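Asker: Take any residue in the sequence shown, count from 1 to its spot, add 46: that is its number in my numbering. Yeah, the Cβ is synthetic: ideal placement off N, Cα and C, and Gly gets one too. From a predicted model like this one, the values you see are computed outputs, not experimental measurements. Mind having a look at this structure? Questions to follow.
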Amino acid sequence: MKFKDIVGQDLLKKELPELMQENRLAHALLFLGKEGTGALPLALAFSQFVVCEKVNQGRAGVPAAASLFGDAPETAPIKLSDSCGVCPACTKAAAYVHPDIHFSYPVVTKKAGSAPLSTDYITEWREFIRSYPYGNVYDWLQFINAENKQGNITASECNEIIRKLNLKSFESEYKILVMWLPEYLGNEGNKLLKLIEEPPPNTLFILVAENESMILQTILSRCQLVKVPWLENAEIENALITRNNTPAPTARQVAGVSEGNYREAMQQVQHADEDWQAMLRDWLNAVMKTGPVAQVKWVDEMSKLGREKQKQFLRYFNHLLEQAVRISALGDHPQGLALLESLGEKDRDFALRLNRLVGIEQQQAIITELDNASYYIERNANSKMLFQALTIKLYHIIQDKIVFLTD
Ligand SMILES: [Zn+2]
47 MKFKDIVGQD LLKKELPELM QENRLAHALL FLGKEGTGAL PLALAFSQFV VCEKVNQGRA
107 GVPAAASLFG DAPETAPIKL SDSCGVCPAC TKAAAYVHPD IHFSYPVVTK KAGSAPLSTD
167 YITEWREFIR SYPYGNVYDW LQFINAENKQ GNITASECNE IIRKLNLKSF ESEYKILVMW
227 LPEYLGNEGN KLLKLIEEPP PNTLFILVAE NESMILQTIL SRCQLVKVPW LENAEIENAL
287 ITRNNTPAPT ARQVAGVSEG NYREAMQQVQ HADEDWQAML RDWLNAVMKT GPVAQVKWVD
347 EMSKLGREKQ KQFLRYFNHL LEQAVRISAL GDHPQGLALL ESLGEKDRDF ALRLNRLVGI
407 EQQQAIITEL DNASYYIERN ANSKMLFQAL TIKLYHIIQD KIVFLTD
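Now the structure itself:
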């Protein structure tokens with residue numbers, strides 16, 4: 047993968063090559079970015095950059111071409127802003143088969159009785175990062191059919207890492223380990239401390255994490271931090287149009303809801319025809335007006351949708367509420383009017399109706415409940431019970447302000 051293949055993140059795309067070419071690179075880097083920001087693609091592009099032959103020639107100050115008039119050869123290092131993509135090292139790195147770029151990621155036991163190792167799944171891994179570089183751990187575990195098993199980076203995997211990184215590099219100057227989600231390292235991660243602290247020469251650790259607080263402190267403190275920020279709406283919109291052939295109006299609407307998360311945006315596009323608003327209207331009407339039978343029916347339907355869609359629905363509702371809160375807080379302020387303008391027509395009407403239905407405090411209480419529900423869905427809660435409970439909570443939050451929501 048090249049830097050140019052990555053959505054947004056222009057600042058990091060500029061800084062990372064400089065970091066290496068100006069020899070300011072620590073031997074352990076932590077790419078820290080939430081789901082959908084592209085931390086993993088950046089790490090993949092960076093590892094390709096580090097092994098690229100063109101880049102390394104430039105670093106050694108080798109002239110790119112002989113001068114026609116016999117001038118003194120150019121000796122200053124030639125700085126590149128991306129890997130060349132065509133040298134043998136790039137070709138291997140792009141196919142994720144470069145012998146000096148190793149990968150570790152959470153896995154589950156493949157053969158009963160043997161400790162799970164990342165290499166057990168290397169074929170699946172290559173396919174996964176080729177097809178879904180913006181995927182999250184849930185997508186990955188689904189991809190390898192781990193069902194509901196919890197992924198792990200095990201003690202045996204740590205031993206394997208130590209063994210691999212103590213070998214001489216095969217083709218490149220550097221040996222690189224890309225570890226995706228060090229959050230899945232338990233205390234066995236401490237085995238790696240010595241290696242991270244005093245690594246063999248030309249060893250580069252690239253850890254890619256989403257959640258700083260779940261990483262062993264001892265590892266965290268030994269890494270140079272590379273913060274990967276949320277994407278801008280415009281970057282997502284543009285990427286959906288150019289990379290995903292999403293029609294412009296859909297791209298715009300989805301970018302607005304996806305909150306800087308490109309994975310989420312692609313999921314939303316896939317389900318853009320889901321009529322979340324109709325689903326939401328039915329729910330609110332069942333809660334406020336049509337009563338228990340309609341509620342049970344709605345909960346049944348929702349619980350059949352599956353985790354991803356349930357999360358999307360909650361996120362959609364949450365987004366609408368947040369917009370509604372902002373709209374009522376901003377009132378006639380130009381910013382409020384601009385926000386109204388930026389919402390699609392249907393969402394705008396609905397947000398305004400929500401504002402008539404409930405006050406800001408109630409909206410905020412609902413937002414908290416929706417966040418909690420998403421959290422539990424992610425952790426495999428029984429969705430029927432969860433949406434039933436949520437329905438009752440909604441009722442209690444909004445019962446004193448009844449408005450019938452119509453089409
Ligand atoms: Zn190259």
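Which value, in whole angstroms, describes the spacing of the CA atoms of residue 108 and residue 250?
Answerer: Within the sequence shown, the letter at position 62 stands for residue 108. Within the sequence shown, the letter at position 204 stands for residue 250. With a pLDDT of 47 at residue 108, under the threshold of 50, the modelled position of that residue is not reliable, and no figure is offered here.
Asker: Taking DSSP as the reference, what is the three-state secondary structure of residue 198?
Answerer: Here residue 198 corresponds to residue number 152 of the sequence shown, with the count starting at 1. Reduced to three states, the DSSP call for residue 198 is strand.
Asker: Is residue 104 near ligand 1, going by C-beta to nearest heavy atom under 7 angstroms?
Answerer: Your numbering for residue 104 matches position 58 in the sequence shown. Answer for residue 104: no, Cβ out of range of ligand 1.
Asker: In angstroms with no decimal places, state the Cα-to-Cα distance between residue 349 and residue 339.
Answerer: Looking up residue 349 in the sequence shown gives position 303. Looking up residue 339 in the sequence shown gives position 293. When rounded, the distance between both Cα atoms is 16 angstroms.
Asker: Alpha carbon to alpha carbon, how far is residue 282 from residue 306? Give it in angstroms, no decimals.
Answerer: Within the sequence shown, numbered from 1, the residue matching residue 306 stands at position 260. Within the sequence shown, numbered from 1, the residue matching residue 282 stands at position 236. About 7 angstroms.
Asker: Any idea what DSSP makes of residue 413, helix, strand or coil?
Answerer: Numbered from 1 along the sequence shown, position 367 holds the residue referred to as residue 413. Helix.
Asker: Using the beta carbon as the reference atom, which residues fall closer than 5 angstroms to any heavy atom of ligand 1, ordered along the chain?
Answerer: Taking each Cβ in turn, the ones that pass are 98, 100, 129, 130, 133 and 136.
Asker: Is DSSP giving residue 276 helix, strand or coil here?
Answerer: As a working note, residue 276 is residue 230 in the sequence shown. It is coil, neither helix nor strand.
Asker: Inspect the CB distances between the region 309-328 and the region 354-363 and report whether three or more fall short of 8 angstroms.
Answerer: The region 309-328 is in contact with the region 354-363.
Asker: Under 8 angstroms between the Cβ atoms of residue 199 and residue 230?
Answerer: Translated into positions along the sequence shown, residue 199 becomes position 153. Translated into positions along the sequence shown, residue 230 becomes position 184. Yes, they are a contact pair.
Asker: Nearest-angstrom Cα distance between residue 197 and residue 402?
Answerer: In the sequence shown, counting from the first residue as 1, residue 197 sits at position 151. In the sequence shown, counting from the first residue as 1, residue 402 sits at position 356. Distance between the alpha carbons of residue 197 and residue 402: 45 angstroms.
Asker: Please give the ranges of any alpha helix (DSSP H) in the region 350-404, keeping only runs that are unbroken, at least 4 residues long and fully inside the region.
Answerer: If we require 4 residues or more, the alpha helix (DSSP H) runs fully inside the region 350-404 come out as 353-376, 380-388 and 391-403.
Asker: Would residue 373 and residue 411 qualify as a contact pair, given that the criterion is a beta-carbon distance under 8 angstroms?
Answerer: In the sequence shown, residue 373 corresponds to position 327, counting from 1. In the sequence shown, residue 411 corresponds to position 365, counting from 1. No; because the gap between Cβ atoms is not below 8 angstroms, this pair is not in contact.
Asker: Would you say residue 252 and residue 91 are within 8 angstroms of each other, going by their C-beta atoms?
Answerer: If you number the sequence shown from 1, residue 252 lands on position 206. If you number the sequence shown from 1, residue 91 lands on position 45. It is not a contact, given that the beta carbons lie outside the stated cut-off.
Asker: Are residue 268 and residue 85 touching if we call contact CB-CB under 8 angstroms?
Answerer: Position 222 of the sequence shown, counted from the first residue, corresponds to residue 268. Position 39 of the sequence shown, counted from the first residue, corresponds to residue 85. Not a contact, by the Cβ cut-off of 8 angstroms.
Asker: Contact between the region 227-245 and the region 258-268 is defined here as three or more beta-carbon pairs at a separation below 8 angstroms; is this criterion met?
Answerer: Touching, per the Cβ criterion.
Asker: Under 8 angstroms between the Cβ atoms of residue 146 and residue 222?
Answerer: Within the sequence shown, the letter at position 100 stands for residue 146. Within the sequence shown, the letter at position 176 stands for residue 222. Cβ atoms of residue 146 and residue 222: closer than 8 angstroms.
Asker: Which residue wins for smallest C-alpha separation from residue 271, given the options 257, 278, 177 and 277?
Answerer: Locating residue 271 in the sequence shown gives position 225, where the first residue counts as 1. Of the listed residues, the one whose Cα sits closest to residue 271 is 257.
Asker: Beta-carbon separation of residue 440 and residue 315 under 8 angstroms?
Answerer: For the purposes of this step, residue 440 is taken as residue 394 along the sequence shown, with counting starting at 1. For the purposes of this step, residue 315 is taken as residue 269 along the sequence shown, with counting starting at 1. Cβ distance not < 8 angstroms, so residue 440 and residue 315 don't count as in contact.
Asker: Taking the runs of the alpha helix (DSSP H) that are 4 residues or longer, which of them lie wholly in the region 53-97?
Answerer: Counting whole runs of 4 or more residues, the region 53-97 contains the alpha helix (DSSP H) stretches 56-67 and 85-97.
Asker: Could you check what DSSP says for residue 111 in three-state terms: helix, strand or coil?
Answerer: What you label residue 111 is simply residue 65 of the sequence shown in a count that begins at 1. Low confidence applies here, because residue 111 scores a pLDDT of 47, under 50, leaving its location unreliable; read the following figure in that light. Coil at residue 111, not helix or strand.
Asker: In the DSSP assignment, find the alpha helix (DSSP H) that holds residue 221 and state where it starts and stops.
Answerer: Translated into positions along the sequence shown, residue 221 becomes position 175. Element bounds for residue 221: not the alpha helix (DSSP H) but the beta strand (DSSP E), 221-226.
Asker: Nearest to residue 183 by CA position, among 429, 424, 428 and 94, is which residue?
Answerer: Within the sequence shown, residue 183 is the residue found at index 137, counting from 1. Closest option to residue 183, Cα to Cα, is 424.
Asker: Distance check for residue 366 and residue 180, CA to CA, integer angstroms please.
Answerer: On the sequence shown, residue 180 is found 134 positions in, with the first residue counted as 1. On the sequence shown, residue 366 is found 320 positions in, with the first residue counted as 1. Cα to Cα, residue 180 sits roughly 25 angstroms from residue 366.
Asker: Considering only residues of the same chain and omitting the five flanking positions on each side of residue 371, which have a CB-CB separation below 6 angstroms?
Answerer: Start at 1 with the first residue of the sequence shown, and residue 371 comes out as number 325. Same-chain partners within the cutoff: 406 and 409.
Asker: Got a sec, what are the start and stop residues for the alpha helix (DSSP H) residue 460 sits in?
Answerer: Past the edges of the chain, shown from 47 to 453, lies residue 460, and the structure says nothing about it.
Asker: Please state if the CB of residue 97 and the CB of residue 139 are separated by a distance shorter than 8 angstroms.
Answerer: One-based indexing of the sequence shown puts residue 139 at position 93. One-based indexing of the sequence shown puts residue 97 at position 51. Against a cut-off of 8 angstroms, the Cβ pair of residue 97 and residue 139 comes out as a contact.
Asker: Can you tell me where the beta strand (DSSP E) holding residue 252 begins and where it ends?
Answerer: On the sequence shown, position 206 is the one that residue 252 refers to. Here the beta strand (DSSP E) through residue 252 covers 249-255.
Asker: Using three-state DSSP, classify residue 445 as helix, strand or coil.
Answerer: For this step, residue 445 is matched to residue 399 along the sequence shown. Three-state DSSP puts residue 445 in coil, outside helix and strand.
Asker: Measuring straight from C-alpha to C-alpha, what distance separates residue 245 and residue 151?
Answerer: Walking along the sequence shown from the start, residue 245 turns up at place 199. Walking along the sequence shown from the start, residue 151 turns up at place 105. Near 20 angstroms, if we compare the C-alpha coordinates of residue 151 and residue 245.
Asker: Compute the beta-carbon to beta-carbon distance between residue 100 and residue 126, rounded to the nearest angstrom, for a pair I have assumed lies under 8 angstroms.
Answerer: Taking the sequence shown and counting its residues from 1, the one referred to as residue 100 is at position 54. Taking the sequence shown and counting its residues from 1, the one referred to as residue 126 is at position 80. Confirmed, about 6 angstroms.
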